[in-house]
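Input: a single structure, listed below in structure tokens.
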Amino acid sequence: MDTIITYFSAMPTTHRSALLIGGLAIFLLIENAAPLFSIKKYNRVKHTGLNIFFTFTTILVNLSMAFLLVMTAQWVATSGFGVMNWMSGAPVVLTALVGLMLMDLVGAWLVHYIEHHVTWMWKFHLIHHTDQHVDTTSANRHHPGESVIRFVFTLVAIMVAGAPVWMIFLYQSLSLVMTQFNHSNVAMPKWLDDALVLVLCTPNMHRVHHHYRQPYSDTNYGNIFSFWDRIFGTYVVVDNKKLIYGVDTHMDKHEANNIGYLLKIPFLPYRPTIEYEEEEKL
Ligand SMILES: [Zn+2]
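If you number the sequence shown the way the working numbering does, the last residue is 874 and the count never jumps.
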């Protein structure tokens with residue numbers, strides 16, 4: 593545990609970049625070898641290019657505000673605020689686990705749930721949902737405005753968890769790999785998925801969140817741990833082969849594949865939720 597704490601206390605930027613690129617490369621290779629949905633059906637180069645653009649804007653937002661993470665970590669340390677600080681005396685492994693769970697709850701599950709229920713936030717988040725071919729490159733397809741919203745919630749998560757710098761880097765590294773994993777277009781053996789999903793968000797669990805219509809798009813919000821959705825009643829299991837990716841208000845392929853248009857969406861008039869006469873049963 594000491595080695596882990598020392599490493600993540602001063603994780604080099606080069607290692608963080610290597611994790612992003614390495615993770616992307618590994619999941620792309622696995623998707624190629626065992627895809628769930630055929631990858632021949634869309635222009636993969638263009639799709640990847642668009643998603644990498646939004647990954648870069650996400651990185652830019654995060655880098656430009658990174659000093660706020662460190663300042664918040666310093667504040668919780670000096671003021672003794674937050675759950676990890678209140679647990680001083682408990683075994684480090686237990687404190688770390690609780691800290692990681694709280695970072696995932698506030699910094700991923702909660703912000704994601706709110707983004708789906710507050711209209712102006714949804715207008716930013718829906719860019720992530722306009723992807724009609726979800727794969728590992730979709731993981732960081734976020735409007736820069738959404739990256740800011742998520743960053744603010746990460747600061748709140750640090751305060752709630754009382755997280756030191758090493759926990760922030762540990763959480764962000766795991767969060768990155770997990771989002772690349774649970775968006776990947778991988779056909780995983782059922783036994784492996786069944787085992788992993790007991791604790792972690794697997795691709796088979798997350799995909800339904802990208803179904804084009806409600807109520808399925810309002811389920812399985814989790815990123816690292818699968819139990820938040822079980823606890824808060826948003827957990828569903830569906831046959832992934834029946835899914836249609838995208839968001840019903842924005843299915844126009846020209847809109848969904850145009851960077852300029854996607855950047856503008858939050859500032860355009862709101863397109864209300866489509867009401868269907870028939871209930872869909874996946
Ligand atoms: Zn979402």
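For glycine and all other residues, C-beta sits at the position ideal for the given N, C-alpha and C.
Residue environment, residue i, which counts as buried when at least 16 other CB atoms sit within 10 Å
{"i": "Ala626", "result": "exposed"}
{"i": "Met663", "result": "exposed"}
{"i": "Leu616", "result": "buried"}
{"i": "Ser730", "result": "buried"}
{"i": "Ile613", "result": "exposed"}
{"i": "Tyr878", "result": "In the structure as shown, the chain starts at 593 and stops at 874, and residue 878 therefore has no counterpart that could be examined."}
{"i": "Lys715", "result": "buried"}
{"i": "Asp831", "result": "exposed"}
{"i": "Asn774", "result": "buried"}
{"i": "Tyr804", "result": "buried"}
{"i": "Ala749", "result": "buried"}
{"i": "Gln666", "result": "exposed"}
{"i": "Tyr868", "result": "exposed"}
{"i": "Leu792", "result": "buried"}
{"i": "Val668", "result": "buried"}
{"i": "Ser818", "result": "buried"}
{"i": "Phe859", "result": "exposed"}
{"i": "Leu784", "result": "exposed"}
{"i": "Val637", "result": "exposed"}
Beta-ladder partner(s) of residue i, from DSSP
{"i": "Leu792", "result": "Phe817"}
{"i": "Ala682", "result": "Ser680"}
{"i": "Pro627", "result": "Val778"}
{"i": "His803", "result": "Tyr837"}
Top-ranked residue by Cα proximity to residue i, from the options
{"i": "Arg799", "options": "Ser767, Ala787 and Tyr837", "result": "Tyr837"}
{"i": "Ser630", "options": "Tyr853, Ile857, Ala779 and Pro858", "result": "Ala779"}
{"i": "Thr595", "options": "Asp696, Met759, Leu652 and Val791", "result": "Met759"}
{"i": "Val752", "options": "Asn677, Gln806 and Thr811", "result": "Asn677"}
{"i": "Trp820", "options": "Met695, Ala787, Leu835 and Leu768", "result": "Met695"}
{"i": "His725", "options": "Lys633, Val685, Ile618 and Thr598", "result": "Lys633"}
{"i": "Asp844", "options": "Phe645, Asp723, Val703 and Ser609", "result": "Asp723"}
{"i": "Thr640", "options": "Tyr804, Thr728, Met770 and Arg742", "result": "Thr728"}
{"i": "Glu872", "options": "Ile857, Leu835, Glu847 and Ile851", "result": "Leu835"}
{"i": "Arg863", "options": "Asp840, Gly672 and Met679", "result": "Asp840"}
{"i": "Phe648", "options": "Val698, His735 and His704", "result": "His735"}
{"i": "Asn874", "options": "Thr811, Asp785 and Leu860", "result": "A quick correction: the sequence has Leu, not Asn, at residue 874. For the residues Thr811, Asp785 and Leu860, the minimum Cα distance to Leu874 belongs to Thr811."}
{"i": "Val703", "options": "His802, Phe743 and Leu660", "result": "Phe743"}
{"i": "His801", "options": "Val829, Asp785, Val789 and Thr670", "result": "Val829"}
{"i": "Ala848", "options": "Phe619, Arg733, Pro807 and Gly754", "result": "Arg733"}
{"i": "Thr670", "options": "Ile719, Ser739, Ala755 and Val769", "result": "Ala755"}
{"i": "Leu621", "options": "Phe824, Ser776, Arg822 and Pro604", "result": "Ser776"}
Proximity test, residue i beta-carbon vs ligand 3 heavy atom, cut-off 7 Å
{"i": "His720", "result": "Looking at this structure, you won't find ligand 3 anywhere; what it does contain is ligand 1."}
Query - Inside the stretch 821-854 only - alpha helix (DSSP H) runs reaching at least 4 residues - result: 845-848
Requested in this report: Please go through the stretch 739-777 and give each complete alpha helix (DSSP H) segment of 4 or more residues, from N-terminal end onward.
Outcome: 757-774
Report task. Quick one: which unbroken alpha helix (DSSP H) runs of 4-plus residues sit fully inside the stretch 614-669? Chain order, please. Result -> 636-656
Query raised in the report: Which ranges does the alpha helix (DSSP H) cover as unbroken runs of at least 4 residues, wholly within the stretch 705-742, from first to last along the chain?
Result: 711-721
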